[in-house]
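Counting in my numbering, the sequence shown runs from 12 upward without gaps. Positions of the beta carbon are idealized from the N, C-alpha and C atoms, including for glycine. Since the structure is predicted, the reported quantities are computational estimates derived from the model, not experimental observations. Okay, so here's the structure we're looking at.
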Amino acid sequence: MFVKVAFFLLLISVLPTEAAGPPRDDFKVVVTRNIFNPNRGYKPPPPKKEKPRQPAPPRKDEFTLTGVMTAPTNSYAFFDGTDRSYRRVARVNEEIEEFKVLKISTDGVELKWGTNTVKLAPRERLTKTGDEPWKKGEGRSNLKNSGSLSSTSSSSSSSDSSGKESEASSEDAERKKRLLEILKARRKK
């Protein structure tokens with residue numbers, strides 16, 4: 012009998028400890044969230060560090076002369092800009108924000124701002140950041156829908172143009188072609 016008990020104890024000692032029961036990690040939640048702990052309760056999260064607010068960047072206003080149309084009786088200047096008030100068609104002696112249109116020609120427009128006179132060619136822009144005064148923007152405008160130019164664009168400027176302008180003109184030609192096809196189809200109906 013003694014041999015049987017000794018053999019049984021030997022077998023138990025050889026068996027892995029995991030067979031005796033689940034690992035203690037399974038009961039970790041019982042220890043950490045002990046419902047019988049008298050100090051148990053709500054612990055508020057640590058206070059958030061408030062970051063100082065940075066002032067908003069100054070507003071950047073911009074408008075572009077997208078094109079002109081001259082006729083014997085009236086001349087029109089087409090503007091596009093970052094604000095709705097800049098997107099408009101103006102005649103001579105009309106105002107766009109602080110600027111008064113003095114002259115419209117095929118070369119562009121002449122604008123009066125206070126005591127200053129500014130000449131804008133098609134696709135040139137005026138920019139203003141915050142309370143700074145208006146100034147001519149460097150380069151051409153990057154506003155969308157500013158592709159309409161006056162008829163004064165010569166072939167000399169096309170030699171300086173990039174492939175983007177030629178792509179835009181081919182896209183415009185395709186749009187015109189599609190519009191004409193749609194109009195013809197509607198007339199037939």
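Next on the checklist: In whole angstroms, give me the CA-to-CA distance for R136 and R186.
Outcome noted: 26 angstroms
Checklist entry - Residues in its own chain within less than 7 angstroms of R95 by CB, not counting five upstream and five downstream? => result none
Next on the checklist: Just to confirm before moving on: does the CB-CB distance between R102 and S116 stay below 8 angstroms?
Outcome noted: In this structure, R102 keeps its C-beta atom at 8 angstroms or more from the C-beta atom of S116.
Checklist entry - Mind checking whether N104 and K111 have CB atoms under 8 angstroms apart? => result Going by C-beta atoms, N104 is nearer than 8 angstroms to K111.
Checklist entry - Which residues share a DSSP beta bridge with D72? => result K139
Checklist entry - From this set, D91, A132, A196, which residue's C-alpha is nearest D118's C-alpha? => result A132
Checklist entry - Secondary structure at F110, three-state DSSP: helix, strand or coil? => result strand
Checklist entry - CA-CA distance, W145 and K139? => result 5 angstroms
Checklist entry - Whose C-alpha, out of V129, E61, K15, G141, is nearest the C-alpha of R70? => result G141
Next on the checklist: Pull the bridge partners of G52 from the DSSP assignment, please.
Outcome noted: Answer is none; G52 lacks a bridge partner.
Next on the checklist: Across the region 70-83 and the region 119-131, are there enough close Cβ pairs to call them in contact, namely three or more that are closer than 8 angstroms?
Outcome noted: yes
Next on the checklist: If you follow the alpha helix (DSSP H) that V100 is in, where does it begin and where does it stop?
Outcome noted: From DSSP, V100 is part of no alpha helix (DSSP H) but of the beta strand (DSSP E) over 99-101.
Item to check | For Y97 and F89, believed in contact at Cβ under 8 angstroms, the rounded distance | outcome: That belief does not hold up - the Cβ atoms of F89 and Y97 are roughly 11 angstroms apart, past 8 angstroms.
Item to check | Range of the contiguous alpha helix (DSSP H) that encloses K39 | outcome: 39-43
Checklist entry - In whole angstroms, what is the alpha-carbon distance linking E109 and R134? => result 19 angstroms
Checklist entry - What are the boundary residues of the beta strand (DSSP E) that W124 is part of? => result W124 -> beta strand (DSSP E) spans 119-124.
Checklist entry - Among R99, E143, L21, which one has its Cα closest to the Cα of F74? => result R99
Checklist entry - For E195, which of helix, strand or coil comes out of DSSP? => result Reading off the sequence shown, one finds Lys at residue 195, where the question assumed Glu. K195: helix per DSSP, three-state reduction.
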